[in-house]
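Before any comments, here is the structure.
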Amino acid sequence: MDPESARTSQPQGSLGKSGVSLLSGRGLGAALTPRGKHYACGSIAAFTNIMVTFPIQKVLFRQQLHGVRAREAVGQLQRDGMRNLYRGLLPPLLQKTTTVAIMFGLYEDFSHVLLDQLSTGSGIPELVTRSFAAALAGTAEAALMPFERVQTLLQDHRHHGRFHNTGHTFRTLLREYGVKECYRGLVPVLIRNGPSNMLFFGLRGPIKEQLPEASSRTGHLVNDFVCGGVLGAALGIMFYPLNVVKSRAQSQVGGAFRPCGEVLMTVWRERGGSVAMLFRGAHLNYHRSLLSWGIINATYELLLKVF
1 MDPESARTSQ
11 PQGSLGKSGV
21 SLLSGRGLGA
31 ALTPRGKHYA
41 CGSIAAFTNI
51 MVTFPIQKVL
61 FRQQLHGVRA
71 REAVGQLQRD
81 GMRNLYRGLL
91 PPLLQKTTTV
101 AIMFGLYEDF
111 SHVLLDQLST
121 GSGIPELVTR
131 SFAAALAGTA
141 EAALMPFERV
151 QTLLQDHRHH
161 GRFHNTGHTF
171 RTLLREYGVK
181 ECYRGLVPVL
191 IRNGPSNMLF
201 FGLRGPIKEQ
211 LPEASSRTGH
221 LVNDFVCGGV
231 LGAALGIMFY
241 PLNVVKSRAQ
251 SQVGGAFRPC
261 GEVLMTVWRE
271 RGGSVAMLFR
281 GAHLNYHRSL
291 LSWGIINATY
301 ELLLKVF
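Each residue of the sequence shown is one higher than the last, beginning at 1 in full-length UniProt numbering.
Rendered as structure tokens:
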């Protein structure tokens with residue numbers, strides 16, 4: 001599979017052969033520019049994923065924060081009650097629909113710009129250029145980290161009495177601590193985003209090449225789900241300790257900003273220097289990432305064909 005087909009769907013004309021076009025050139029599909037559709041498709045794919053997987057994410061967050069087993073984390077949510085199950089939904093909904101749009105959209109834009117500026121005569125391999133574009137897109141996503149910060153505070157039961165909702169949490173942080181407090185935990189996010197984007201976009205095509213060739217729309221959908229899911233699950237495990245550090249750092253309100261390494265060592269000591277305890281919740285994260293990125297990748301590719 002060539003680099004272009006590794007990052008985009010099959011040509012839209014393949015849908016025309018079956019006489020099926022959900023939008024028939026009208027509405028959103030007609031309004032989107034060729035590049036703009038990557039932002040729209042990424043945003044809708046992320047929205048679909050968040051609505052499906054948010055309760056799983058809450059269980060995982062409790063495990064990352066407190067180092068408890070999945071059963072205890074589920075028990076905490078049960079004690080919190082159904083009214084709190086989707087507490088904290090708005091920040092990840094706003095963040096993910098935007099960051100995934102940025103992830104796919106900026107990757108396309110950066111790739112086009114860099115490939116136009118760096119001609120084949122420059123001697124720079126296209127893989128390197130696209131990897132750099134993916135890293136830039138991942139770094140840009142970090143600008144929206146305050147949503148992730150607020151989500152952490154709303155999901156942490158220790159802050160239920162202090163922070164009421166998304167707007168109240170933002171106002172409290174800005175009024176009492178300033179903008180800087182909204183970016184607590186930025187370093188692990190930056191370390192995570194760039195490399196994970198590079199691996200995701202770099203390996204998506206080769207992995208799909210290894211799957212059985214699809215001959216139907218359903219087959220392509222399944223392949224895209226498997227491809228995205230396998231990559232998401234593997235990257236989730238690889239960068240899991242960074243997410244643990246991020247969750248611990250962002251659960252703090254006020255006080256000194258501690259270095260990423262210091263937070264990691266604190267968690268390491270609290271959990272008895274056990275790798276298994278440090279990765280507590282990783283199995284749930286694996287399955288959540290498998291489902292989440294499977295949904296995102298399959299929905300994204302399907303929408304590209306529709307639009």
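Every residue, glycine too, gets a C-beta built ideally from N, C-alpha and C. Computed from a predicted model, the values in this text were never measured in an experiment.
Problem set entry | Any 3 or more C-beta pairs closer than 8 Å across the stretch 189–205 and the stretch 270–277 | no
Problem set entry | Backbone secondary structure at residue 325 - three-state DSSP | Within the shown structure, residues of the chain are numbered from 1 to 307, placing residue 325 beyond reach of any answer.
Exercise. Just how far apart, CA to CA, sit S292 and G232?
Worked result: Taking the sequence shown and counting its residues from 1, the one referred to as residue 292 is at position 292. Taking the sequence shown and counting its residues from 1, the one referred to as residue 232 is at position 232. The alpha-carbon atoms of S292 and G232 are separated by roughly 8 Å.
Exercise. Should F147 and P91 be called a contact, given that it needs their Cβ atoms to be closer than 8 Å?
Worked result: On the sequence shown, position 147 is the one that residue 147 refers to. On the sequence shown, position 91 is the one that residue 91 refers to. Contact flag set, yes.
For this session: Could you name each continuous beta strand (DSSP E) segment of 3 residues or more that falls completely within the stretch 235–263, going from the start of the chain to the end?
Result: none
For this session: Ignoring anything shorter than 4 residues or poking outside the stretch 36–116, list the alpha helix (DSSP H) runs there in chain order.
Result: 36–66 and 70–80
For this session: Pull up the distance between the alpha-carbon of A276 and that of Y183, whole angstroms please.
Result: Reading the sequence shown from its first residue, position 276 is the one you call residue 276. Reading the sequence shown from its first residue, position 183 is the one you call residue 183. When rounded, the distance between both Cα atoms is 29 Å.
For this session: Might you give, ordered along the chain, the residues of its own chain that have their beta carbon closer than 7 Å to the beta carbon of L114, omitting 5 neighbours on each side?
Result: In the sequence shown, counting from the first residue as 1, residue 114 sits at position 114. Answer for L114: T129, F132 and A133, listed in chain order.
Problem set entry | With 16 other Cβ atoms within 10 Å as the buried cut-off, status of V179 | Taking the first residue of the sequence shown as position 1, residue 179 is located at position 179. Flag for V179 reads exposed.
Exercise. In three-state DSSP terms, what is F163?
Worked result: Here residue 163 refers to the residue found at position 163 when the sequence shown is read from its first residue. Here F163 carries a coil assignment [DSSP, helix/strand/coil].
Problem set entry | Beta carbon of L190 nearer than 8 Å to that of T266 | Reading the sequence shown from its first residue, position 190 is the one you call residue 190. Reading the sequence shown from its first residue, position 266 is the one you call residue 266. For L190 and T266, no; Cβs fall outside 8 Å.
Exercise. Is the stretch 297–305 touching the stretch 44–60 in the sense that three or more CB pairs, one from each, lie closer than 8 Å?
Worked result: yes
Problem set entry | Rounded C-alpha distance that separates F201 from L173 | By 1-based counting over the sequence shown, the position of residue 201 is 201. By 1-based counting over the sequence shown, the position of residue 173 is 173. Roughly 35 Å between the two C-alpha positions.
Problem set entry | Buried or exposed (CB count within 10 angstroms, at least 16 for buried), V52 | As a first step, residue 52 must be located in the sequence shown, where it is residue number 52. It is exposed - the Cβ of V52 has fewer than 16 other Cβ atoms within 10 Å.
Exercise. Cα separation between H283 and K96?
Worked result: Position 283 of the sequence shown holds residue 283. Position 96 of the sequence shown holds residue 96. Within the model, the alpha-carbon separation for H283 versus K96 is close to 22 Å.
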